[in-house]
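Input: a single structure, listed below in structure tokens.
Number of protein chains: 2
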Amino acid sequence: MPASDVAEQPEQPWSRRRLRSTNERLLLDRLRALGAASRAQLARETGLSKPTVSSALASLAAAGLVHEVGTQAPERGRTAVLYAPDPAAGYALGVDIGRGWLRVAVVDLDGTVVARADMRNRARASAALTDLVVSTARQVIANSGVDPAEVVHGVVGTPGVYDERQRRVRYAMHLPGWGRAGLVDGIRTELGVPLEVHNDANLAALGEYTYGVGAGSRLFAYILIGTGLGMGVVSEGRLFTGARGLAGEIGFLPWHGRQKPERLEDAVSGVAVVESARRFGMHGQLTAKAVFDAARQGHPGAVRAVELEGERIAHTVAAAAAVLDPDLVVLGGGVGHSVDLLLRPVRERLRALTPLRPRIAPSRLGEDAVLLGAVATALDTARDLVFERRTAGT
Amino acid sequence: MPASDVAEQPEQPWSRRRLRSTNERLLLDRLRALGAASRAQLARETGLSKPTVSSALASLAAAGLVHEVGTQAPERGRTAVLYAPDPAAGYALGVDIGRGWLRVAVVDLDGTVVARADMRNRARASAALTDLVVSTARQVIANSGVDPAEVVHGVVGTPGVYDERQRRVRYAMHLPGWGRAGLVDGIRTELGVPLEVHNDANLAALGEYTYGVGAGSRLFAYILIGTGLGMGVVSEGRLFTGARGLAGEIGFLPWHGRQKPERLEDAVSGVAVVESARRFGMHGQLTAKAVFDAARQGHPGAVRAVELEGERIAHTVAAAAAVLDPDLVVLGGGVGHSVDLLLRPVRERLRALTPLRPRIAPSRLGEDAVLLGAVATALDTARDLVFERRTAGT
DNA sequence: CGGATAAAGTTAAGGAGCCTTACTAGAGGC
DNA sequence: GCCTCTAGTAAGGCTCCTTAACTTTATCCG
Numbered sequence: 006m007p008a009s010d011v012a013e014q015p016e017q018p019w020s021r022r023r024l025r026s027t028n029e030r031l032l033l034d035r036l037r038a039l040g041a042a043s044r045a046q047l048a049r050e051t052g053l054s055k056p057t058v059s060s061a062l063a064s065l066a067a068a069g070l071v072h073e074v075g076t077q078a079p080e081r082g083r084t085a086v087l088y089a090p091d092p093a094a095g096y097a098l099g100v101d102i103g104r105g106w107l108r109v110a111v112v113d114l115d116g117t118v119v120a121r122a123d124m125r126n127r128a129r130a131s132a133a134l135t136d137l138v139v140s141t142a143r144q145v146i147a148n149s150g151v152d153p154a155e156v157v158h159g160v161v162g163t164p165g166v167y168d169e170r171q172r173r174v175r176y177a178m179h180l181p182g183w184g185r186a187g188l189v190d191g192i193r194t195e196l197g198v199p200l201e202v203h204n205d206a207n208l209a210a211l212g213e214y215t216y217g218v219g220a221g222s223r224l225f226a227y228i229l230i231g232t233g234l235g236m237g238v239v240s241e242g243r244l245f246t247g248a249r250g251l252a253g254e255i256g257f258l259p260w261h262g263r264q265k266p267e268r269l270e271d272a273v274s275g276v277a278v279v280e281s282a283r284r285f286g287m288h289g290q291l292t293a294k295a296v297f298d299a300a301r302q303g304h305p306g307a308v309r310a311v312e313l314e315g316e317r318i319a320h321t322v323a324a325a326a327a328v329l330d331p332d333l334v335v336l337g338g339g340v341g342h343s344v345d346l347l348l349r350p351v352r353e354r355l356r357a358l359t360p361l362r363p364r365i366a367p368s369r370l371g372e373d374a375v376l377l378g379a380v381a382t383a384l385d386t387a388r389d390l391v392f393e394r395r396t397a398g399t
Numbered sequence: 006m007p008a009s010d011v012a013e014q015p016e017q018p019w020s021r022r023r024l025r026s027t028n029e030r031l032l033l034d035r036l037r038a039l040g041a042a043s044r045a046q047l048a049r050e051t052g053l054s055k056p057t058v059s060s061a062l063a064s065l066a067a068a069g070l071v072h073e074v075g076t077q078a079p080e081r082g083r084t085a086v087l088y089a090p091d092p093a094a095g096y097a098l099g100v101d102i103g104r105g106w107l108r109v110a111v112v113d114l115d116g117t118v119v120a121r122a123d124m125r126n127r128a129r130a131s132a133a134l135t136d137l138v139v140s141t142a143r144q145v146i147a148n149s150g151v152d153p154a155e156v157v158h159g160v161v162g163t164p165g166v167y168d169e170r171q172r173r174v175r176y177a178m179h180l181p182g183w184g185r186a187g188l189v190d191g192i193r194t195e196l197g198v199p200l201e202v203h204n205d206a207n208l209a210a211l212g213e214y215t216y217g218v219g220a221g222s223r224l225f226a227y228i229l230i231g232t233g234l235g236m237g238v239v240s241e242g243r244l245f246t247g248a249r250g251l252a253g254e255i256g257f258l259p260w261h262g263r264q265k266p267e268r269l270e271d272a273v274s275g276v277a278v279v280e281s282a283r284r285f286g287m288h289g290q291l292t293a294k295a296v297f298d299a300a301r302q303g304h305p306g307a308v309r310a311v312e313l314e315g316e317r318i319a320h321t322v323a324a325a326a327a328v329l330d331p332d333l334v335v336l337g338g339g340v341g342h343s344v345d346l347l348l349r350p351v352r353e354r355l356r357a358l359t360p361l362r363p364r365i366a367p368s369r370l371g372e373d374a375v376l377l378g379a380v381a382t383a384l385d386t387a388r389d390l391v392f393e394r395r396t397a398g399t
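Chains as they are written, first to last, in the working numbering: chain A, 6 to 399; chain B, 6 to 399.
Structure representation (structure tokens):
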């Protein structure tokens, strides 16, 4: 649910101005994909003529979006002048508001992190949380040395779903006070940066798709298992959000517990691991991590608890597989650290449950998935914005 | 899985020729949406100038894609000449291969059915089935009075999934012999019409989206319950197929039956209704329809069987809702006739299962959903093809 | 070392397609 | 009959792309 929705206008007339703009965009995208290229090379790759490439590139350079970055001698012939996108033409902000940690990063248009901070989130009220977010973000921007006005877009990841009309985050059970209306608007005005808010699992999926193990997947599901249970789906490179942004809320999948129907979230999340470990005879102050560690040592109760967790995850994967047909399912979140233990039971159980067995892999980005997803999303919009203002600015 | 995949080339240079083509396309699409319009009106709506509209429309008319259809006098001022797309510029073929029925229709570019046939499918072998399809399709084309060469595209709906590489339909358990390789190729060459093959539930979803109750939905799921169990998903107007075309194969959803884990398909489809009716005390030669009829008469065993079926459908809907977040779920297929009985138990059960409760509605198209979906899909491609060959033809 | 070759990039000419402006055509109101 | 208003056409100009020829600069090779 983007807070600043870019209205899609699918049917616009193609006047000459639009044509030029489209070709400049084509060249810029190509340059980003290649890193750096000469004008002759761009002409070959895009199918545009050499004069057109020269002139379009000149106007991109005048707008500050590209610049010369050196030369390259071909096998023989005149040395080529290489052009590359200017990473400093704009910056993007990524924020991950998690239950335990707040993470903020500023990236340039190349996607390179120029500043970052990870803070413990001890806020127990909405005011404290927004203050923490605003001050941390300001700090990070200051540390980056970037003019705040050059931070053209930001994306915030959080549990729950941002409701555009009510201007508040819904279903964010694990963040006290975070459901109040107007909080995001407050942060936005305090920072002076356009902000979107997205679900954390969705962003983690995008992060893992862009920078991690999901690259190139046609349909990719990221299952986030931690304090809660969520799933993000990336279809053909784009986030799949459903009708109201609630797609992937697999915590609500039907699940028949021991006594009564309950929510799958309560059966799969970290607490459930601890609970079943207790049931299998473990004692003391337990955390999910402790149970997994004990299982690694061979503690029989812990091993059984992990086994059970694996079966339940398999159930989750099977449901997602039957509905979505992903070619890759990535397990991340708190259990991400323990995927080595879970992979075998998950796969075994899956074999019994369904003939649809997508590839299953552990997260590569771990704790950074949400932040990197936020950054990737913000970057996308930031690139658009910087390109759009190109004409206005000159 | 389209058999003739239109390769997407997202990054093409926008030369002037492409620009003209895009504007002609824009005008044609607008005309289809409006039905008929004058050049001045088109200029106002598209933002193109009047001379441009005149010239583009003239070249569309020369290609036979549009023609004058009359005049309309405005409040005051000169009478306007109205243009409209020529429906006879091409035709599309839709085929629904079902277990009990084979349905074939030919439509013009307006989407009007110009000929149709519904035949009992008694084929028990692949040769008989392909023969039936080919002869029926030929017959329908002949009846339509259309030159077979003008049937530019066709879409076939069938249970299962067409595997492009193996050139055969997979997972089509209920059609004997239909899984053999090369059958579709045979039909294609016999008919001389380019054919795509799609899953029947997917097409039914598209049909219901295009002509039925799903119109305008952002994310729409069609659940087909009959001999088998399937689901089609339409997201933002486009079919959601998953990585390998298996999205919506909810027959494979995990389900814990009375003794052992089984496939949800066996618990929800028509046979399951009969089976539970038997368990609740009904006797004799039963069909799903008979059970529903008995329930309408108040037969207690039948009522309980229907109740149970409703609960299982609710389970299915809940799973789809948690993963996809649809704003509308349509129930169709064999049980479509009996949705009146099922809607209440489904909704009640759903309330207990999950807070995500999409709107649930019965199919409006009934038995025609698959055929109309095939027709709609074929029409889409046919319009593209006719537009593309516009230049080549002249 | 000088010419052949090859690639990068520029210049010049030409053309396609759109827009603006100015016009004609036709229909009603006063 | 004249004014006004809308539909549509004609002419000219502008933008931007392409082709083709040319310049520049590098390597290769005798």
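Note that CB positions come from ideal geometry on N, CA and C, so glycine has one too.
What does the alpha-carbon distance come out to for the pair residue i and residue j?
| i | j | result |
| --- | --- | --- |
| B/Tyr-216 | B/Leu-224 | 16 Å |
| A/Glu-201 | B/Leu-258 | 34 Å |
| A/Val-86 | A/Arg-394 | 26 Å |
| A/Ser-54 | A/Ala-45 | 9 Å |
| B/Arg-317 | B/Asp-330 | 19 Å |
| B/Tyr-96 | B/Ala-379 | 13 Å |
| B/Ala-357 | A/Arg-268 | 11 Å |
| B/Ala-67 | B/Arg-25 | 15 Å |
| B/Arg-369 | A/His-203 | 36 Å |
| B/Glu-13 | A/Val-279 | Any reading at B/Glu-13 must be qualified, since the residue scores a pLDDT of 35, below 50, and its modelled position is unreliable; no value is offered. |
| B/Ala-120 | B/Leu-36 | 25 Å |
| A/Arg-309 | A/Glu-353 | 14 Å |
| B/Gly-184 | A/Asp-332 | 23 Å |
| B/Phe-392 | B/Thr-27 | 11 Å |
| A/Ala-323 | A/Gly-69 | 50 Å |
| B/Asn-148 | B/Thr-141 | 10 Å |
| B/Ala-78 | A/Gly-187 | 53 Å |
| A/Gly-315 | A/Ser-343 | 11 Å |
| A/Ala-133 | B/Pro-363 | 36 Å |
Please check the pair residue i and residue j, which I expect to be a contact at CB under 8 Å, by giving their CB distance rounded to whole angstroms.
| i | j | result |
| --- | --- | --- |
| B/Ala-210 | B/Val-238 | 6 Å |
| A/Gly-339 | A/Ile-230 | 6 Å |
| B/Val-375 | B/Gly-162 | 4 Å |
| B/Leu-65 | B/Leu-33 | 6 Å |
When you compare each of the options to residue i by their alpha carbons, which one comes out closest?
| i | options | result |
| --- | --- | --- |
| B/Glu-155 | B/Val-174, B/Asp-136, B/Ala-93 | B/Ala-93 |
| B/Gly-275 | B/Ser-60, B/Leu-244, B/Arg-129, B/Leu-313 | B/Leu-313 |
| A/Met-124 | A/Val-100, A/Arg-22, A/Val-112, A/Gly-116 | A/Val-100 |
| A/Leu-196 | A/Pro-367, A/Val-157, A/His-320, A/Arg-143 | A/Arg-143 |
| A/Leu-180 | A/Leu-70, A/Leu-98, A/Ser-59, A/Arg-104 | A/Arg-104 |
| B/Gly-235 | B/Gly-337, B/Asp-373, B/Arg-388, B/Pro-363 | B/Gly-337 |
| B/Asp-91 | B/Gly-40, B/Ala-220, B/Arg-127 | B/Gly-40 |
| A/Val-160 | A/Trp-260, A/Ala-110, A/Ala-366, A/Pro-350 | A/Ala-110 |
Could you check whether the Cβ of residue i sits closer than 7 Å to any Cβ belonging to chain A?
| i | result |
| --- | --- |
| B/Pro-259 | yes |
| B/Ile-255 | yes |
| B/Leu-377 | no |
| B/Thr-163 | no |
| B/Asp-330 | yes |
Residue i CB to nearest chain B CB: under 7 Å?
| i | result |
| --- | --- |
| A/Pro-350 | no |
| A/Asp-205 | no |
| A/His-121 | Looking at the sequence provided, one finds Arg at residue 121 of chain A rather than His. Taking Cβ atoms only, chain B never reaches closer than 7 Å to A/Arg-121, which makes this a no. |
| A/Pro-90 | no |
| A/Met-6 | Note that A/Met-6 scores 37 on pLDDT, short of 50, meaning its location in the model is unreliable; the coordinates nonetheless yield the value given after this. No, no contact with chain B. |
Residue i: beta carbon under 6 Å from a heavy atom of the ligand NAD?
| i | result |
| --- | --- |
| B/Ser-60 | As far as ligands go, the structure on display features none, and thus does not contain the ligand NAD. |
**OP:** List in chain order: all unbroken beta strand (DSSP E) runs of 3+ residues lying wholly within the stretch 47 to 78 of chain A.
**Re:** As for any beta strand (DSSP E) of minimum length 3 sitting wholly inside the stretch 47 to 78 of chain A, the runs are 71 to 77, ordered along the chain.
**OP:** Could you pull out every unbroken alpha helix (DSSP H) segment of at least 4 residues lying fully inside the stretch 265 to 311 of chain B, listed in chain order?
**Re:** Segments of the alpha helix (DSSP H) lying fully in the stretch 265 to 311 of chain B: 269 to 273, 275 to 284, 293 to 302.
Original post:
Which full runs of the beta strand (DSSP E) of 3+ residues lie inside the stretch 334 to 388 of chain B, going along the chain?
Top reply: Scanning the stretch 334 to 388 of chain B from its first residue to its last, the whole beta strand (DSSP E) runs of 3-plus residues come out as 364 to 367.
Original post:
In chain order, which continuous runs of the beta strand (DSSP E) of length 3 or greater are located wholly inside the stretch 154 to 211 of chain A?
Top reply: Counting only runs of 3 or more, we get 156 to 163, 166 to 168, 173 to 175, 200 to 204.
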